[in-house]
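Engineer: Residue numbers (the numbering used here), protein chains in the order written: chain A, -5 to 106; chain B, 43 to 156.
This is the structure I have questions about; it appears just below.
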């Protein structure tokens, strides 16, 4: 079942922060986050495994609450290069055949 | 990470014909996946292709329409058979080294069926 992402779209000014949420109705093994720029392939950002961890990648970090089956991606002090569509991908592990189901995406536009 | 190439990068095909898309990786990988993405939409998994076993297809996708080969750990092909305009889309392959691990995507093949 496809995870639900919110918001669908967000417009930021350079330097502003944003949060993108991803929720699932199924128990999750892991959550992946990817960014896709127009006309390009999705690029892996980070993976969060079952265990409720939080990860960081420069000014982009994420959390995973396995009890709530939710993950959030935090973009701080946004840069123009952050523009693109962000997808979360959820995995149910071995019971799900180790396949990733992607959300509908959140379109992020950062303007100067 | 990995360097992944796909051929062709784009093609325009006639209804009723077939197209085979190639995916080449610069290192051996355990898992390869094929996705379809309509412009502005999410990624839809077509099938998982693991070397030495039959591909596993997702609901709505069948082997007769989308046959997949995985002859070794660095290469896979997806054929779109008996094409119709509804098959127009971007087809992407991706790879992962472990089940549930991060995926790296190829640049995609943009297919237009007329």
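Idealized CB from N, CA, C, for every residue including glycine.
Just so we're clear, the structure is a prediction, and the values are computed from it rather than from any experiment.
1) Please compile the residues from chain B whose C-beta is within a distance smaller than 7 Å of the C-beta of residue 61 of chain A.
2) Using 8 Å as the threshold, is the C-beta distance between residue 149 of chain B and residue 12 of chain A below it?
3) Compute the beta-carbon to beta-carbon distance between residue 147 of chain B and residue 46 of chain B, rounded to the nearest angstrom, for a pair I have assumed lies under 8 Å.
4) Can you give me the C-alpha to C-alpha distance between residue 85 of chain A and residue -4 of chain A, rounded to a whole angstrom?
5) Is there at least one Cβ from chain A nearer than 8 Å to residue 66 of chain B's Cβ?
6) List the whole-angstrom C-beta distance separating residue 127 of chain B from residue 155 of chain B, where the pair is believed to meet the contact cut-off of C-beta under 8 Å.
7) Return the chain-ordered list of same chain residues with a C-beta closer than 8 Å to the C-beta of residue 145 of chain B, the five sequence neighbours on each side being excluded.
8) I'd like the list of long-range same chain contacts for residue 14 of chain A, defined as Cβ closer than 6 Å, with 5 residues on each side in sequence excluded.
9) In terms of alpha-carbon separation, which member of A:95, A:25, A:43 and A:24 lies closest to residue 100 of chain B?
10) Within this structure, are the beta carbons of residue 111 of chain B and residue 60 of chain B separated by less than 8 Å?
11) Please report how far the alpha carbon of residue 130 of chain B lies from the alpha carbon of residue 51 of chain B, in whole angstroms.
12) Inspect the beta-carbon positions of residue 83 of chain A and residue 23 of chain A and report whether they are closer than 8 Å.
13) Whole angstroms are fine: how far does the CA of residue 17 of chain A sit from the CA of residue 58 of chain A?
14) Taking Cβ-Cβ distances shorter than 9 Å, what residues in chain A pair up with residue 149 of chain B?
15) Given 7 Å as the limit, tell me if residue 97 of chain B has its C-beta closer than that to any heavy atom belonging to the ligand SAH.
16) Taking the alpha-carbon of residue 72 of chain B as reference, which of B:93, B:54 and B:82 has the nearest alpha-carbon?
17) Pull up the distance between the alpha-carbon of residue 43 of chain A and that of residue 64 of chain A, whole angstroms please.
18) Can you have a look at residue 93 of chain A and say buried or exposed, based on whether 16 or more other CB atoms are within 10 angstroms of its CB?
Structural biologist: Concretely, from the data shown:
1) The contacting residues do not exist; residue 61 of chain A stays about 19 Å from chain B at best.
2) no
3) 7 Å
4) 10 Å
5) no
6) 5 Å
7) 75, 136, 137 and 138
8) 67, 80 and 100
9) A:95
10) no
11) 14 Å
12) no
13) 10 Å
14) 34 and 35
15) Among the ligands in the structure shown, none appear at all, so the ligand SAH cannot be discussed.
16) B:93
17) 12 Å
18) buried
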